[in-house]
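What follows is a short report on a single structure.
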Amino acid sequence: MAEKSGRKQTAISLKTKMELLRAVDEKRRSKTEICKKFGIANSTLSTIIKNRDHITAMFERNMFEPERKRMRTAKHEDLETALLVWIKQARSDNAPVSGPVLLERADEIAKQMGIEFSANPGWLERFKKRNGIVLKNLTTSKISEMCHTQNEPKRICLDLVIRIKSRPATPRIKRFDKLELALQIRINEF
1 MAEKSGRKQT
11 AISLKTKMEL
21 LRAVDEKRRS
31 KTEICKKFGI
41 ANSTLSTIIK
51 NRDHITAMFE
61 RNMFEPERKR
71 MRTAKHEDLE
81 TALLVWIKQA
91 RSDNAPVSGP
101 VLLERADEIA
111 KQMGIEFSAN
121 PGWLERFKKR
131 NGIVLKNLTT
141 SKISEMCHTQ
151 NEPKRICLDL
161 VIRIKSRPAT
171 PRIKRFDKLE
181 LALQIRINEF
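When we follow the UniProt record's numbering, the leftmost residue of the sequence shown carries the number 1, and every step to the right adds one.
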């Protein structure tokens with residue numbers, strides 16, 4: 001079998017695509033020189049120029065990290081937008097947001113919207129990556145701190161205890177017995 005010659009296919013980041021477009025706009029160098037400088041094929045540069053509007057819009061709207069190489073958006077953008085609104089609301093209420101809670105909420109929102117969708121851990125990881133979401137674990141000390149710093153500490157602690165008790169038992173949630181006890185102690189302190 002004959003050996004292939006030519007360039008190795010490489011993905012180009014959004015930042016590099018913008019640099020390429022700026023270099024083309026400056027018109028100091030020919031397109032061939034620009035291609036050699038960046039180590040890409042002429043056809044690649046032509047495709048980037050053809051998709052200029054889309055690339056520029058994505059970059060200006062900060063839809064993706066500048067180092068991102070693929071500009072894939074969500075299959076169900078309405079669902080993700082609604083879930084982001086819910087996350088912002090939950091965080092403004094200082095409600096804990098975890099992976100299982102997000103999966104459950106995504107399924108509920110999809111059902112309400114009439115979308116055939118099943119949230120899974122892989123989807124959750126991609127969703128978090130697309131939207132720059134970091135979920136932090138709540139420890140007993142963090143919740144204890146929340147209970148003391150809030151205006152309505154007793155209500156917040158009670159809400160957390162109710163949420164913990166209402167969840168079905170899983171190996172992860174069984175560890176909340178200690179957390180629940182700590183919250184009950186905090187409630188009794190008020």
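We put the CB at the ideal spot given by N, CA and C, even for glycine. If you're wondering where the values come from, they're calculated on a predicted model, not measured in any experiment.
With DSSP collapsed to three states, give me the class of Ser46. Note: Ser46 maps to helix in three-state DSSP.
Please state whether the Cβ-Cβ distance between Ile34 and Leu45 is less than 8 Å. Going by C-beta atoms, Ile34 is nearer than 8 Å to Leu45.
Length of the line joining the Cα atoms of Lys37 and Arg29: Straight-line measurement puts the Cα of Arg29 at about 10 Å from the Cα of Lys37.
Cβ shell of Asp107 (< 8 Å), same chain only, five flanking positions each side left out: Excluding sequence positions up to five before and after Asp107, its CB lies within less than 8 Å of the CB of Phe117, Ser118, Ala119, all in the same chain and listed in chain order.
Selection from Val97, Val134, Ala41, Thr56 that minimises the alpha carbon distance to Lys17: For Lys17, the closest of Val97, Val134, Ala41, Thr56 by C-alpha to C-alpha distance is Thr56.
Residue interval of the alpha helix (DSSP H) (run including Ile109): From DSSP, the alpha helix (DSSP H) with Ile109 extends over 99-113.
Given a cut-off of 8 Å, decide if Ala110 and Leu135 are closer than it, judged by their beta-carbon atoms. No, they are not a contact pair.
Which one of Ser13, Ala41, Val24 has the shortest CA to CA distance from Ile49? If you compare the alpha carbons of Ser13, Ala41, Val24 with that of Ile49, the shortest gap goes to Val24.
Could you spell out the range, first to last residue, of the alpha helix (DSSP H) harbouring Asn131? Boundaries of the alpha helix (DSSP H) harbouring Asn131: 121-131, taken from the DSSP string.
Top-ranked residue by Cα proximity to Asn131, from Ala41, Gly114, Ala95, Ala82: If we check each option's Cα against that of Asn131, Ala82 comes out closest.
Residue from Ile87, Leu84, Leu14 with nearest C-alpha to Arg52: Looking only at Ile87, Leu84, Leu14, the smallest Cα-Cα distance to Arg52 is reached by Leu14.
Per DSSP, what kind of secondary structure is Phe117 in: helix, strand or coil? Residue state, collapsed to three classes: coil.
Between which two residues does the alpha helix (DSSP H) carrying Asp53 extend? For Asp53, the enclosing alpha helix (DSSP H) has its first and last residue at 52-60.
For Arg22, the three-state DSSP class (helix, strand or coil): Correct three-state label for Arg22: helix.
State the DSSP-derived secondary structure class of residue 191, mapped to helix, strand or coil. The requested residue 191 does not occur in the structure, where the chain is confined to residues 1 to 190.
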